[in-house]
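Residue numbers (the numbering used here), protein chains in the order written: chain A, 1 to 153; chain B, 154 to 306.
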DNA sequence: CATATTCTCTTCTTCAAAGAAGAGACATCT
DNA sequence: AGATGTCTCTTCTTTGAAGAAGAGAATATG
């Protein structure tokens with residue numbers, strides 16, 4: 001279970017898995033007529049929750065001009081909403097709108113396929129999988145954060 | 154283990170996981186100074202192996218002009234190589250170069266983190282995880298293919 | 001052997017998104 | 001209360017990638 005040959009194989013499988021996930025992500029973005037940065041920003045919002053345009057700009061490594069228009073596009077497409085900040089009237093809070101129609105429709109087939117796959121596992125096996133999902137999400141998020149800060153240097 | 158509440162929670166975890174993976178993918182592309190389409194094409198090549206520019210153009214939904222320049226960029230960055238086809242001298246075969254330096258360096262931190270996570274599981278648990286990776290890769294690939302063909306309609 | 005088809009590449013044009021600079025509104029500090 | 005700083009938005013300019021049309025090289029077919 002841990003011979004070098006097995007390890008190489010495992011690495012191959014994982015690479016393939018990652019490629020497939022990202023491939024599907026790109027295809028989804030294209031099908032939604034959403035730019036790469038738009039989807040990127042949307043992922044940030046879904047992951048970290050509502051935030052100000054300023055912070056979103058920082059996270060996406062964008063200056064204020066493009067950030068405003070990025071939010072304009074997302075808002076116009078119905079993916080996010082601009083809400084005035086309660087404590088500071090200069091600020092605006094951008095929050096994702098639950099279950100946007102377009103993205104949901106596009107992702108549906110994949111979600112169904114994954115659902116069917118997960119249905120085939122026992123409760124104990126699902127525990128393992130979701131434990132992994134939770135840990136991996138944190139790991140990827142941390143790695144992405146790290147890349148972003150290094151990039152700025 | 155399967156109450157409605159649990160299911161909603163599971164869906165949430167999975168969404169978060171997917172967002173994190175894609176977030177990291179985008180951050181990696183940006184750190185490599187690689188465009189969205191470039192990374193998309195690279196994923197296709199890693200997933201389906203060497204192919205002609207024509208087929209790559211079809212897969213990326215690009216016309217011949219941008220396809221040529223896409224390959225130019227990838228080749229110049231050292232990610233792919235153009236090889237003359239042995240059976241048809243009009244054709245060119247684009248093949249990924251194993252372990253491109255830039256992408257590898259960028260992905261290293263994430264890979265290490267994931268490696269550490271996987272090290273924490275028993276052989277039986279790893280079997281479950283890699284079984285999932287294999288099945289999910291096929292599912293995502295199929296879903297992406299489906300999106301692409303629908304998009305063309 | 002000649003014609004038609006296929007494949008890649010080049011060039012020109014068009015379009016979307018990012019950067020730069022500055023204005024207006026609001027908060028904070030003295 | 002006045003001055004300074006912060007936040008978002010607007011405008012102009014620039015860059016990068018995508019589409020369209022056609023040329024050149026090689027294969028296949030009659």
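The beta carbon of each residue, even a glycine, is placed where N, CA and C say it ideally should be.
Inter-segment contact for the region 289-306 of chain B and the region 20-27 of chain A is present: three or more beta-carbon pairs are separated by less than 8 Å. Assigned with DSSP and collapsed to three states, residue 228 of chain B falls in helix.
Following the DSSP letters along the chain, one finds residue 109 of chain A inside the alpha helix (DSSP H) bounded by residues 101-119. Taking all protein chains in view, the Cβ of residue 231 of chain B is surrounded by fewer than 16 other Cβ atoms within 10 Å, so the residue is classified as exposed.
Residue 61 of chain A and residue 289 of chain B have their C-alpha atoms some 32 Å from each other.
For residue 114 of chain A, the closest Cβ of chain B is nearer than 8 Å. For residue 186 of chain B, there is no enclosing beta strand (DSSP E), as DSSP gives it neither H nor E. Around the C-beta of residue 219 of chain B, fewer than 16 other C-beta atoms lie within 10 Å, and the residue is accordingly described as exposed. For the pair residue 301 of chain B and residue 27 of chain A, the Cα-to-Cα distance works out to about 7 Å.
The Cβ of residue 51 of chain A sits no closer than 8 Å to any Cβ of chain B. Taking 8 Å as the CB threshold, residue 44 of chain A lines the interface with chain B.
When C-beta distances to chain B are compared with 8 Å, the residues of the region 14-25 of chain A below that value are 14, 15, 16, 17, 18, 19, 20, 21, 22, 23, 24, 25, in chain order. Against residue 117 of chain A, the close residues of chain B are 285, 288, 289, 292, in the order they occur along the chain (beta-carbon pairs closer than 8 Å).
Between residue 103 of chain A and chain B, the shortest Cβ-Cβ separation is not below 8 Å.
Within the region 52-80 of chain A, the residues whose Cβ lies closer than 8 Å to some Cβ of chain B are 61, listed in chain order.
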